[in-house]
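Residue numbers (this note's numbering), protein chains in the order written: chain A, 5 to 679; chain B, 5 to 679. Reading through the structure tokens given below for one structure.
Okay, structure coming up:
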């Protein structure tokens with residue numbers, strides 16, 4: 005049975021440790037006591053440092069780890085899929101065919117891809133809060149904090165070559181400065197065919213039992229040579245046992261476990277319905293396009309997969325929120341309390357969220373072309389301002405990676421861009437006039453249909469050309485204002501409304517929420533200190549847990565580990581119908597495989613999106629798994645963790661090794677992994 | 005280029021005939037003059053009577069025709085698909101495997117299926133209008149008309165065995181009484197595999213070139229024997245030529261060509277966005293369910309196919325409505341004019357449509373179980389009232405077919421019912437509280453989640469059992485009120501809100517719209533007489549046109565006729581990926597087929613949904629095609645017909661015959677067809 009939402013806070017107040025395997029712990033405040041009490045295991049600093057320095061963040065997409073001294077990086081196939089997509093051609097679809105570089109020289113450079121290793125962490129809470137004066141309004145305080153954070157990031161960056169990012173923890177209860185070593189020459193080493201990486205596809209996503217080799221290998225290079233890595237994870241040769249203790253080190257993206265009742269009501273009544281409305285239509289539009297031809301399917305494949313994944317997750321979360329029995333009894337809200345401020349901010353958010361989402365987040369102009377043009381326009385204007393006054397994403401510490409993305413020559417398909425933009429403009433036109441009037445923003449174009457507008461803007465924009473992007477970026481405001489590019493002109497037209505929506509959202513919603521949660525967090529700190537973990541923030545976290553099956557809704561006992569035989573069996577039962585048809589390489593190589601080899605496994609680790617690609621290690625610190633999913637019950641992890649049915653789903657390293665050896669004949673890599 | 009919306013009326017005012025092949029003409033007022041002037045062909049009464057009496061309506065789903073003296077009926081595979089679905093078992097999926105009855109005795113009875121032949125038509129406009137007194141309000145007038153119509157239908161039915169239905173034409177400008185001969189012992193004779201009937205599936209739906217054998221054959225029985233049919237259509241042996249004159253006789257469902265600007269704005273801003281929102285989510289939810297297993301796919305296949313079809317159609321229509329260049333200049337609305345009344349009614353409709361749709365049309369309770377329980381409850385109460393005061397669908401003339409549907413033992417799948425109901429309840433909960441508060445209607449269940457409610461109601465309801473339905477229907481109000489069935493109780497809880505929503509909708513929207521359009525129609529009549537056709541009303545219509553290709557948006561010339569070779573070529577290019585993989589029977593039989601055999605064809609006929617299954621005949625009255633679709637440009641036919649690109653898509657009878665002979669070895673049927 006799932007716990008009541010929000011019981012978390014009450015629960016941790018009453019006990020000195022968490023009974024469940026709950027928590028996405030900071031490496032700065034690891035759960036030594038909890039692990040000792042529940043598993044009788046000593047989390048030593050040496051163990052933690054090694055695990056931390058072997059972990060890395062894969063672009064802004066997920067987690068990864070070093071698995072050799074020669075810079076070999078392991079992550080999920082779905083985390084690296086965008087690169088496979090970008091490296092594909094009409095002649096060789098790497099998602100379809102997989103990839104293996106027989107020699108170092110065959111490894112394929114991934115343009116614009118960065119891998120970040122978290123090498124330092126510092127608590128700078130006092131420094132940030134020192135900028136806030138008692139007489140400041142919430143808005144002024146927010147601005148003061150932002151200024152202080154920008155200054156601290158800049159100061160730190162000036163000292164070393166690391167990239168520094170300040171992360172707000174405990175809803176403003178603490179601020180930590182993280183330093184990352186950046187690798188930006190990353191090359192593709194190995195990827196299996198998508199049909200085995202994502203065996204079962206969207207239908208089996210978030211389900212269990214599973215059979216996915218959701219794994220890709222990349223390599224970090226420095227000065228054109230494989231990077232020398234001190235901290236990397238060795239692979240286990242002993243497999244996993246029931247109830248065995250395991251750790252996950254990765255970058256969980258975002259949880260909202262401190263949310264108050266009223267904030268969750270906003271999520272249930274506004275945020276998720278709106279998000280799902282967009283996801284449903286996109287899934288249908290992308291599918292319809294994909295189904296017209298195989299080349300269409302390849303072009304839109306990544307977008308479609310992402311949408312399906314988000315959709316399934318959002319449905320799961322909304323179902324949790326729409327379950328009244330999880331809500332417990334409402335409490336009286338004291339006037340002037342943080343809870344009341346949150347309630348009022350959510351009421352405000354219900355009004356201003358749509359404009360923010362459509363204009364500032366660009367959901368009305370769903371296309372890469374718009375986002376590129378937007379970045380070019382803003383770069384020109386923001387770069388002229390002092391660092392602390394810029395929009396966050398244009399501050400000095402973000403500029404390098406922003407430019408790397410901006411000047412990436414990853415292919416952009418006109419036809420995909422047109423269907424995406426047509427649909428999002430259509431959606432905008434469908435929104436009741438009371439919400440937003442499209443013609444107020446785009447008056448000159450009101451005589452064209454969404455399809456006509458989208459076709460015109462996409463086909464006539466030149467910003468899909470990297471040289472043109474560079475020319476505009478170098479030309480600054482002058483070049484932007486002189487540009488006749490329809491997409492640049494569109495961005496300029498939308499700009500004031502978009503910035504207004506952002507400012508309004510930040511001032512009326514974000515600032516009071518931050519302040520109120522900071523106050524709530526402060527109260528919690530006074531009671532609990534660092535014995536609790538902060539909500540996920542896409543910074544490195546440690547989760548502990550055990551290999552453990554569970555009981556399904558209908559009472560079926562689900563064993564924790566699947567094997568290769570099970571995969572072939574599922575394929576057989578589904579008559580090898582896509583996405584249940586393993587690749588030819590596996591069918592041909594079946595007789596060579598040990599069918600008892602472990603395939604996927606479930607554990608009680610507390611994870612969430614962003615953890616994809618995280619290494620799972622045993623008590624010896626050896627890799628036993630590669631996290632790639634949560635089961636359907638884990639979808640409420642965003643709001644509340646429950647150990648009964650919620651499970652983390654990983655690829656067993658055994659199946660990766662078995663297939664590297666017998667299916668892909670990747671001897672070079674098997675050797676590098678230490679076998 | 006498409007014509008401006010609404011130019012229709014202006015256009016026909018200025019000319020004595022329609023230049024374009026426009027019109028869904030009444031057989032009572034056939035376009036003799038137009039056909040003579042444009043094609044120099046005499047539409048004789050004999051030609052028309054024979055075509056009309058050979059035509060039939062297939063349940064409430066589409067059109068069909070008699071093609072032998074022994075009761076053989078031809079319609080689309082997709083029109084008869086529900087019966088194939090119902091006759092399927094887990095062991096033999098008729099959609100997958102197709103069906104051919106080798107002997108008469110093998111023909112499979114389709115429970116609950118009716119075929120209607122339109123044998124008489126009478127103009128009763130004066131009788132209906134005689135019931136309206138000058139002092140009556142719009143609402144009273146509407147009631148008086150309804151009473152008169154019920155009385156006329158009853159009187160006619162008492163005289164003969166035919167079923168009578170009064171149809172409102174010209175938005176109330178005229179009323180015609182149609183008499184139908186009913187066949188209700190219908191048996192399945194032949195259906196190809198769905199993979200060739202719907203080759204290209206949803207991706208190629210509304211596209212061209214096409215390659216579908218979208219055809220099924222049924223047989224009407226009387227007294228346990230094949231019905232003796234006097235009027236049936238012979239098949240042509242001469243194929244079709246470019247620009248050849250052809251006629252379509254069928255039941256176009258609904259067009260809205262008389263809609264005023266404000267009414268179309270309602271369609272664009274409220275109706276279609278809301279409809280698409282529902283369709284998008286259903287398509288995603290049904291697809292996700294279907295993709296989990298082959299049996300799931302079979303169970304939900306019909307629902308999914310319908311949703312995809314509606315979705316594609318709605319997107320096309322909305323795209324037309326969102327094209328400002330099609331709208332022309334707005335006109336000033338005179339105070340008190342029909343246009344103003346329509347404008348006000350549409351404003352009202354924008355408010356009350358959601359409640360009407362969710363509660364009265366049952367969209368919040370999307371499941372067969374709810375619809376059955378609703379019918380049982382209403383039947384009990386309505387049957388006690390005088391005929392004229394009943395809800396339309398419970399009047400004597402509708403009771404027989406209502407009961408046939410109600411007591412059909414077609415399978416209903418619990419799991420499909422649960423996912424449908426879960427999703428629609430979830431959707432309801434997502435609707436802003438200002439619109440409708442679920443707890444007002446369902447107060448006692450407010451502690452359960454949509455999934456818990458749906459599972460409870462579906463699993464514990466017994467109305468999926470036909471005997472239980474009969475028991476409740478026989479028990480009347482007493483049995484209904486004593487029932488502990490959760491779905492009956494749900495219907496009763498919703499009933500007052502639902503009826504209120506319906507009454508409100510009928511009074512505030514339908515009645516003023518009917519009155520205003522009647523006035524507009526009256527003005528048109530005064531100018532145009534019967535030289536124009538009325539909007540489609542799912543009654544028999546005649547359309548004329550010619551075999552003609554067209555130019556695609558990107559300039560490609562599309563030839564009007566495809567052939568068998570083209571189908572195999574498309575399959576090859578799509579690597580035989582579903583839905584581009586023809587059935588084994590075709591692949592095995594390829595060498596026997598004449599690859600030049602005509603497959604599908606496009607013509608300029610003015611058709612719309614409901615025309616599916618219509619016979620297409622040449623000037624000799626011989627069948628040359630079987631209408632099954634319109635191309636993408638025809639989707640705006642609902643509002644405006646444009647001859648430039650809008651095309652009717654048919655199966656060439658040549659490919660049906662070729663496959664009956666060489667693929668399906670259906671000698672018995674080939675002979676019966678006269679070959």
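The beta-carbon is built from N, C-alpha and C at its ideal position, and this holds for glycine as well.
Cutoff 8 Å: residue i Cβ touching any chain A Cβ
| i | result |
| --- | --- |
| residue 288 of chain B | yes |
| residue 540 of chain B | no |
| residue 298 of chain B | yes |
| residue 521 of chain B | no |
| residue 109 of chain B | no |
When the options are compared against residue i, the one with the closest alpha-carbon
| i | options | result |
| --- | --- | --- |
| residue 471 of chain B | B:620, B:410, B:378, B:427 | B:410 |
| residue 423 of chain B | B:553, B:294, B:120, B:565 | B:294 |
| residue 78 of chain B | B:318, B:60, B:153, B:88 | B:60 |
| residue 427 of chain B | B:153, B:454, B:261 | B:454 |
| residue 368 of chain A | A:498, A:197, A:174, A:605 | A:498 |
| residue 243 of chain A | A:666, A:339, A:657, A:674 | A:657 |
| residue 666 of chain B | B:213, B:391, B:568 | B:568 |
| residue 517 of chain A | A:104, A:231, A:268 | A:268 |
| residue 119 of chain A | A:352, A:563, A:223, A:133 | A:223 |
Chain B contact for residue i (CB, 8 Å cutoff)
| i | result |
| --- | --- |
| residue 94 of chain A | no |
| residue 326 of chain A | yes |
| residue 438 of chain A | Its pLDDT being 46, under 50, residue 438 of chain A is placed unreliably in this model, and the value from its coordinates should be taken loosely. Answer no: the Cβ-Cβ gap between residue 438 of chain A and chain B never drops below 8 Å. |
| residue 281 of chain A | yes |
| residue 323 of chain A | yes |
| residue 295 of chain A | yes |
| residue 555 of chain A | no |
| residue 581 of chain A | yes |
| residue 490 of chain A | no |
request  = Identify each residue in the segment 202-223 of chain B for which the Cβ-Cβ distance to at least one residue of chain A is less than 7 Å, and report them in chain order.
outcome  = 206, 207
query = Are the segment 593-602 of chain B and the segment 642-650 of chain B touching by the rule of at least three beta carbon pairs closer than 8 Å?
reply = no
request  = Taking only runs that begin and end inside the segment 233-279 of chain B, name each unbroken beta strand (DSSP E) of 3 or more residues, in chain order.
outcome  = 249-254
ask   = What runs of the beta strand (DSSP E), each 3 residues or longer, lie entirely inside the segment 480-566 of chain A?
value = 545-550
task = With 9 Å as the C-beta to C-beta threshold (strictly closer), list the residues of the segment 372-383 of chain B near chain A in chain order.
result = none
query = At which residue ranges does the segment 577-612 of chain A contain complete alpha helix (DSSP H) runs of 4 or more residues, listed in the order of the chain?
reply = 588-593
ask   = For the segment 630-641 of chain A, which residues have a CB atom closer than 8 Å to at least one CB atom of chain B, in sequence order?
value = none
request  = At 3 residues or longer, and completely inside the segment 35-99 of chain B: list those beta strand (DSSP E) runs for me, N to C.
outcome  = 59-62, 66-70, 76-79
task = Pick out the complete alpha helix (DSSP H) segments inside the segment 134-174 of chain A, 4 residues or longer, and give them in chain order.
result = 142-163
ask   = Which whole runs of the alpha helix (DSSP H) in the segment 389-415 of chain B are 4 residues long or more, in chain order?
value = 400-410
inquiry  = To be precise: take each residue of the segment 419-434 of chain B, compare its Cβ to all Cβ atoms of chain A, and keep it if any distance is under 8 Å. Which residues remain?
reply    = 430, 433, 434
ask   = Using a Cβ cut-off of 8 Å, which residues of the segment 450-480 of chain A contact any Cβ in chain B, in chain order?
value = 450, 451, 452, 453, 454, 455, 456
task = Scan the segment 342-392 of chain A and note each continuous alpha helix (DSSP H) run of 4 residues or more that stays entirely inside, going in chain order.
result = 342-359, 372-386
ask   = Which runs of the beta strand (DSSP E), 3 residues or longer, sit entirely within the segment 450-477 of chain A?
value = none
message = Three or more C-beta pairs under 8 Å: does that hold for the segment 23-40 of chain A against the segment 196-204 of chain A?
response = no
key: Members of the segment 179-192 of chain B near chain A, C-beta cut-off 9 Å   = none
key: Members of the segment 335-362 of chain B that neighbour chain A once the beta carbon cut-off is set at 7 Å   = none
inquiry  = I'd like to know if the segment 111-118 of chain B and the segment 81-95 of chain B are in contact, where contact means that at least 3 CB-CB pairs between them fall below 8 Å.
reply    = yes
request  = Taking a Cβ distance cut-off of 7 Å, strictly less, list which residues of the segment 641-669 of chain A are near chain B, in chain order.
outcome  = none
Inter-stretch contact at 8 Å, needing at least 3 Cβ pairs: the segment 572-583 of chain B / the segment 282-296 of chain B = no
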